[in-house]
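K.L.:
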Amino acid sequence: MTISVATPVAAPNRSVERFGPRARRTARAVLISSCCCVTGALAFVATYGLALEENEPEPAASIIALMVLDLLVGLVAGIASGPVRGSRSGNLLLVVAGSLSAWSVPASMVAMVRIGGRRSPAWDGAVVAIMVAGTFAVAWVHPLSSGEPLTWRLIGAVAVAAVAIAALMWGRARGTRAALITSLRHQAAAAERAREATRREREADIARARAQERSAIARDMHDSLSHQLSLISVHAGALAHRNDLPPMRIREAARTIHTCAGEANAVLREVLSTLRYASHPGSEERERVTDPLPVATTIDALANQARTTGQKVAVSWRGTTPHALQEQSPTTGTSLVRICSELITNARKHAPGAALALRLELTGTELVLRALNPALGSQPHTLGTGFGLVGVAERARLVGGTARWGHTRHDQFEVEVRIPWHT
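For reference, each letter of the sequence shown is one residue, going 1 to 423 in full-length UniProt numbering.
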């Protein structure tokens, strides 16, 4: 029952939506034509009412002929005023009719407003010339105006020209407003497209920075995995080629192989987790890394190296030590060293000369790294893109941690990284 009721309602809505603009244009044309015909009739009665009174009981034949001609021209002009809305030549013909026919005056006023909206000085001058010439022509041949002095005719022509100019200026104002609205809409659309393009470019840059960071993380993990596999290979080779080893040495070698295999398995899971997030593995730049894999004690070495360049860096450990951190997963230690290196570089770029405090604190099941330095609100030393902090967050996320940053209430810039601590 519900489907049968809803189905026939949808089709009329679509048809109304499809033919809505055409129906509105038709209704507007009919309304304009009707108003021009009605107001034209009032102008016709006002113009020829005096002539009918002066020629009672029977008007002159010339007046009757002019009235019939005026009525026919006025009806045609009034009916055509709606459909010829977009035709410049059609509106110009309505102006010609309005200069000769009293019934056509409202239609000619509408036409003059439309022509003024085109903002063409040549067409505006043609309209004023037609109206003035028509006024003199009617005054010359019309029986009621044949005895008027030239002064009144000139005054009438000036009044008609003033009305025509006023209608043209009104149309020009409407045309200028419409053009301004159209221009603003185009500018808004262009600004929206530019904003969308900037957003897409920014997202692509962030994705590229994340991919580069993942590639570096994968290289570090590969070094860790290679170290564990080399230990397994050495002890397995000793067991394969030595037949004279005592049982105690064999058990010790087996335990070493078991331990290294477990650590290699954990590192391999992290490697696969990292590579799973890489969207385009073949598009990254292949770099040769000859530096040894960093360890937890490298953090203090990074601070000492920064101090040699004049940067003020202080490192503090609470609840843990570099040696305790070294006992964690190699990936965790390597990622923490890379994060500290990026934070030192970031502080040197954006707060040159300011002191940087790095604090590593063990809080239960998390190792919290906080970097704090004064936020320089004046001219920045280097314009940043934020990709360094994106890399910090990416490294923290891929080892199961989080990263956040922002300004504190004491005009300090703080970066906080939380990494799981496995006991």
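From the three backbone atoms N, C-alpha and C, an ideal C-beta is built for every residue, glycine too.
Quick one: is SER101 buried, meaning 16 or more other Cβ sit within 10 Å of its Cβ, or exposed?
P.N.:
Counting Cβ neighbours within 10 Å, SER101 comes out buried, since at least 16 surround it.
K.L.:
For the pair the region 166–175 and the region 116–123, tell me if three or more CB-CB distances fall below 8 Å.
P.N.:
With a cut-off of 8 Å, the region 116–123 and the region 166–175 count as touching, because enough Cβ pairs lie within range.
K.L.:
Taking the beta carbon of ASP70 as the centre, do at least 16 other beta carbons fall within 10 Å, making it buried, or is it exposed?
P.N.:
Buried.
K.L.:
With distance defined between alpha-carbon atoms, name the residue in PRO106, LEU356, THR259 nearest to ARG311.
P.N.:
Note that residue 311 corresponds to Gln in the displayed sequence, not to Arg. For GLN311, the nearest C-alpha among the options comes from LEU356.
K.L.:
Confirm, please, whether the CB-CB distance from VAL110 to SER81 is below 7 Å.
P.N.:
Taking 7 Å as the Cβ cut-off, SER81 and VAL110 qualify as a contacting pair.
K.L.:
Kindly indicate which residue of ILE79, SER89, SER87, PHE44 has the alpha-carbon position closest to the one of MET67.
P.N.:
The candidate whose alpha carbon is nearest that of MET67 is PHE44.
K.L.:
Hey, is the region 366–373 in contact with the region 300–309, meaning 3+ C-beta pairs nearer than 8 Å?
P.N.:
No, because fewer than three Cβ pairs between the region 366–373 and the region 300–309 fall closer than 8 Å, the two stretches do not touch.
K.L.:
Ignore the nearest five residues each way along the sequence and tell me which others in THR39's own chain have a CB closer than 6 Å to its CB.
P.N.:
The residues are PRO106.
K.L.:
What distance in whole Å lies between the Cβ atoms of MET112 and ALA77, which are believed to be in contact at a cut-off of 8 Å?
P.N.:
About 13 Å separates the two Cβ atoms, so there is no contact after all.
K.L.:
Verify the contact flag: GLU414, CB atom, against every heavy atom of the ligand ATP, threshold strictly below 6 Å.
P.N.:
Judged by which ligands are present, the structure shown has none, so any question about the ligand ATP falls away.
K.L.:
What separation, rounded to the nearest whole angstrom, lies between the Cα atoms of LYS349 and VAL313?
P.N.:
About 14 Å.
K.L.:
Let me check one thing: in DSSP terms, what residues is ASN373 bridge-paired to?
P.N.:
Paired residues: PHE413.
K.L.:
TRP421 by DSSP, collapsed to three states: which one?
P.N.:
DSSP places TRP421 in coil when its eight states are reduced to three.
K.L.:
So within the region 93–180, which uninterrupted alpha helix (DSSP H) runs reach at least 4 residues, ignoring any that extend past its ends?
P.N.:
List check, alpha helix (DSSP H) in window: 105–117, 121–141.
K.L.:
Starting from VAL313, follow the alpha helix (DSSP H) in both directions and report where the run begins and ends.
P.N.:
Premise fails: VAL313 lies in the beta strand (DSSP E), 313–318, not in any alpha helix (DSSP H).
K.L.:
Confirm, please, whether the CB-CB distance from ALA253 to LEU231 is below 7 Å.
P.N.:
Contact flag unset, no.
K.L.:
Please classify VAL158: is it buried, with 16 or more other beta-carbons within 10 angstroms of its beta-carbon, or exposed?
P.N.:
Counting Cβ neighbours within 10 Å, VAL158 comes out exposed, since fewer than 16 surround it.
K.L.:
When DSSP labels each residue in this structure, what does GLY237 get in the three-state scheme?
P.N.:
Three-state result, GLY237: helix.
K.L.:
Name the two residues that bound the continuous beta strand (DSSP E) containing ALA357.
P.N.:
Element bounds for ALA357: 356–363.
K.L.:
Name, in chain order, the residues that DSSP records as bridge partners for LEU402.
P.N.:
Note on identity: in this sequence residue 402 is Thr, with Leu being the wrong assignment. THR402 is bridged to ARG418.
K.L.:
Tell me which residue opens and which closes the alpha helix (DSSP H) that GLU342 is part of.
P.N.:
First-last of the alpha helix (DSSP H) with GLU342: 330–350.
K.L.:
Determine the direct distance from the alpha carbon of THR26 to that of GLU17, and round the result to whole angstroms.
P.N.:
Model confidence at GLU17 stands at a pLDDT of 44, short of 50, so the residue's coordinates are unreliable; what they give is reported in the following sentence. Each residue's alpha carbon lies about 15 Å from the other.
K.L.:
From GLY319, GLY333, ALA303, GLN328, pick the residue whose C-alpha is nearest to that of ALA347; which is it?
P.N.:
When each option's Cα is compared against that of ALA347, the closest is ALA303.
K.L.:
For LEU42 and ALA188, what's the separation of their Cα atoms in angstroms?
P.N.:
Cα to Cα, the separation comes out at about 46 Å.
K.L.:
Tell me which residues share the same chain as VAL392 and place their Cβ nearer than 6 Å to its Cβ, disregarding the 5 neighbours each side in the sequence.
P.N.:
Hits under 6 Å: ILE339, GLU342, ALA403.
K.L.:
Could you check which residue in ARG395, GLY353, SER316 has the C-alpha nearest to that of GLY362?
P.N.:
Note that residue 362 is Leu in the sequence shown, not Gly. Minimum Cα distance to LEU362 is reached at SER316.
K.L.:
When burial is assigned at 16 or more other CB atoms within 10 Å of the CB, is ALA97 buried or exposed?
P.N.:
Its Cβ being crowded by 16 or more others within 10 Å, ALA97 is buried.
K.L.:
According to the Cβ coordinates, are VAL390 and ALA209 closer than 7 Å?
P.N.:
Yes. Within cutoff.
K.L.:
Can you tell me whether residue 430 is helix, strand or coil according to DSSP?
P.N.:
Any answer about residue 430 is impossible in this case: the structure gives the chain only from 1 up to 423.
K.L.:
How many angstroms separate the CA atom of ASP205 from the CA atom of ALA197?
P.N.:
If I take the Cα positions, the gap works out to 12 Å.
K.L.:
Thinking just about the alpha-carbon of each residue, which of ALA190, GLY333, ARG318 is nearest to the one in ARG395?
P.N.:
For the residues ALA190, GLY333, ARG318, the minimum Cα distance to ARG395 belongs to GLY333.
K.L.:
Sort GLU366, ARG22, ASP411 by Cα distance to HIS422 and report the nearest one.
P.N.:
For HIS422, the nearest C-alpha among the options comes from GLU366.
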